[in-house]
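Notes follow the structure.
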Amino acid sequence: MKDYTRESFKKEFGQLVVNYRRIHNLTRAQLAELMNISDNGLARIETGDNEAKFYNALKLTHLLKINNHTVNDLFLKYASKEIEEQKAASKIKLEPPVKQQMNAKTYRITEETLAIKPNFDANVYGNLKVSHHSN
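Residue numbers for the sequence shown follow UniProt numbering, beginning at 1 and rising by one.
So this is what it looks like as structure tokens:
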């Protein structure tokens, strides 16, 4: 699976814009005028040097009649990567439980762990029991 970074996303979106602009026989200057942005601004989007603002991305896809599935696939690939990274960064750190605790599905969560994800909802995690311990 391709590693989707913010940089690779910008470059892939930019290449998509270039390809569709050429399909419609538009020059960069013509498309920039339709977008009401500078030629240089559009060039930076096309090369992936700048990320298109959400409104401009929507306008580009509309003007160039880029297939919704194509755009959705691109955004979903990047969003999936972002979600994976956020999950990894906010993963709940459980202290090594004792065997009996594992059998009872009881885990000790420290205040430090809860600080990682402020809106933590223990109910989401089934039989997870949250207890306050002072060390």
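From the three backbone atoms N, C-alpha and C, an ideal C-beta is built for every residue, glycine too. Here the structure is a predicted model, which means the values were calculated and not measured.
Measuring CB to CB, does residue i end up less than 7 Å from residue j?
| i | j | result |
| --- | --- | --- |
| residue 78 | residue 9 | yes |
| residue 4 | residue 81 | yes |
Smallest Cα separation from residue i: which of the options?
| i | options | result |
| --- | --- | --- |
| residue 48 | 14, 6, 5 | 14 |
| residue 65 | 5, 6, 25 | 25 |
| residue 74 | 63, 85, 87, 57 | 57 |
| residue 36 | 23, 63, 20 | 63 |
| residue 12 | 70, 83, 40 | 70 |
Since residue i and residue j are thought to touch, with beta carbons under 8 Å apart, how far apart are those beta carbons, to the nearest angstrom?
| i | j | result |
| --- | --- | --- |
| residue 43 | residue 28 | 6 Å |
| residue 60 | residue 17 | 6 Å |
| residue 31 | residue 21 | 5 Å |
Which runs of the alpha helix (DSSP H) at least 4 residues long sit entirely within the region 19-105? Give them in chain order. Counting only runs of 4 or more, we get 28-35, 39-47, 54-63, 68-89, 99-103.
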